[in-house]
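**Student:**
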Amino acid sequence: MVRTIKLPLTISRFRMNIKKSSSSNSTIKPDCSFRLASIPISAAILISIILLSIILFRHDLVKQYQMLQYVDDLALMAFRNTKVLWASWWFMIFAHVGEAAYVYHLLRTRSSASTKSTILWVIQTLMLGFPSTNIVKARLVNKSLKKAK
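According to the numbering used here, the sequence shown is numbered sequentially starting from -4.
1) Let me check understanding here. Comparing Cα to Cα, which of Asn76, Ser28, Met87 and Trp81 lies closest to Leu41?
2) Do you know whose CA, among Ala82, Ser127, Leu123 and Val131, lies nearest Thr104's CA?
3) Can you tell me whether Ile114 sits near the ligand HEM, meaning its C-beta is under 6 Å from at least one heavy atom of the ligand?
4) Do you know whose CA, among Leu121, Val66 and Ser106, lies nearest Val136's CA?
5) Given that a residue counts as buried once 16 or more other Cβ atoms are within 10 Å of its Cβ, and exposed if not, what is Gly93?
6) Determine the DSSP secondary structure at Tyr60, reduced to helix, strand or coil.
7) Helix, strand or coil for Ser37, going by three-state DSSP, please let me know.
8) Determine the extent of the alpha helix (DSSP H) in which Gly93 is found, giving its start and end residues.
9) Does the beta-carbon distance from Leu51 to Trp85 come in below 7 Å?
10) What would DSSP say about Ala32, mapped onto helix, strand or coil?
11) Would you mind sorting Leu145 into buried or exposed? The rule is 16 or more other CB atoms within 10 Å of its CB.
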């Protein structure tokens, strides 16, 4: 005799919409459930961060690989010297940390997002910055517009 067990919670793949079992018809849907940012934009930002970090922290690798030498030459041509590269790296770090703190504040004060969803948003914002912050702000604006109607 085979018994099947119904699980009380189901979670969708990209949006953490948590549904209770069919015995109670209520559904828990966090207002700012997690959503990934655009893949091409995410890839471009992450590759840029990695390349800038390699140029600044592992310059020995730049000398070993021809592709990294081209990136280093392009960066120095655009920014003129390494002091500006360091300044841009630190600005990027502070901006991403600031945006992640802002997203955390928004999700904790203006939405009913779950803790897991909030953590995922903060991690994504630390890595990507503005695209992730923009998604959260747009979702909160949509939520407030729906409440106004």
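We treat Cβ as the ideally placed atom computed from N, Cα and C, and that holds for glycine.
**Tutor:** Judging by the given coordinates:
1) Position 46 of the sequence shown holds residue 41. If you compare the alpha carbons of Asn76, Ser28, Met87 and Trp81 with that of Leu41, the shortest gap goes to Met87.
2) By 1-based counting over the sequence shown, the position of residue 104 is 109. Among Ala82, Ser127, Leu123 and Val131, the Cα nearest to that of Thr104 is on Val131.
3) In the structure on display, the ligand HEM does not appear, and there are no ligands present to speak of.
4) For the purposes of this step, residue 136 is taken as residue 141 along the sequence shown, with counting starting at 1. Cα-wise, what sits closest to Val136 is Ser106.
5) Reading the sequence shown from its first residue, position 98 is the one you call residue 93. The residue in question, Gly93, is exposed, as its Cβ has fewer than 16 Cβ neighbours within 10 Å.
6) Locating residue 60 in the sequence shown gives position 65, where the first residue counts as 1. Three-state DSSP puts Tyr60 in coil, outside helix and strand.
7) Stepping through the sequence shown from its first residue, residue 37 is reached at position 42. Helix, per DSSP.
8) Position 98 of the sequence shown holds residue 93. Counting along the chain, the alpha helix (DSSP H) containing Gly93 begins and ends at Thr77 to Arg105.
9) Taking the first residue of the sequence shown as position 1, residue 51 is located at position 56. Taking the first residue of the sequence shown as position 1, residue 85 is located at position 90. No, these two residues do not count as a Cβ contact at 7 Å.
10) Counting from one through the sequence shown, the residue named residue 32 turns up at place 37. Note: Ala32 maps to coil in three-state DSSP.
11) Outside the displayed range of the chain (-4 to 144) lies residue 145, so it cannot be described from this structure.
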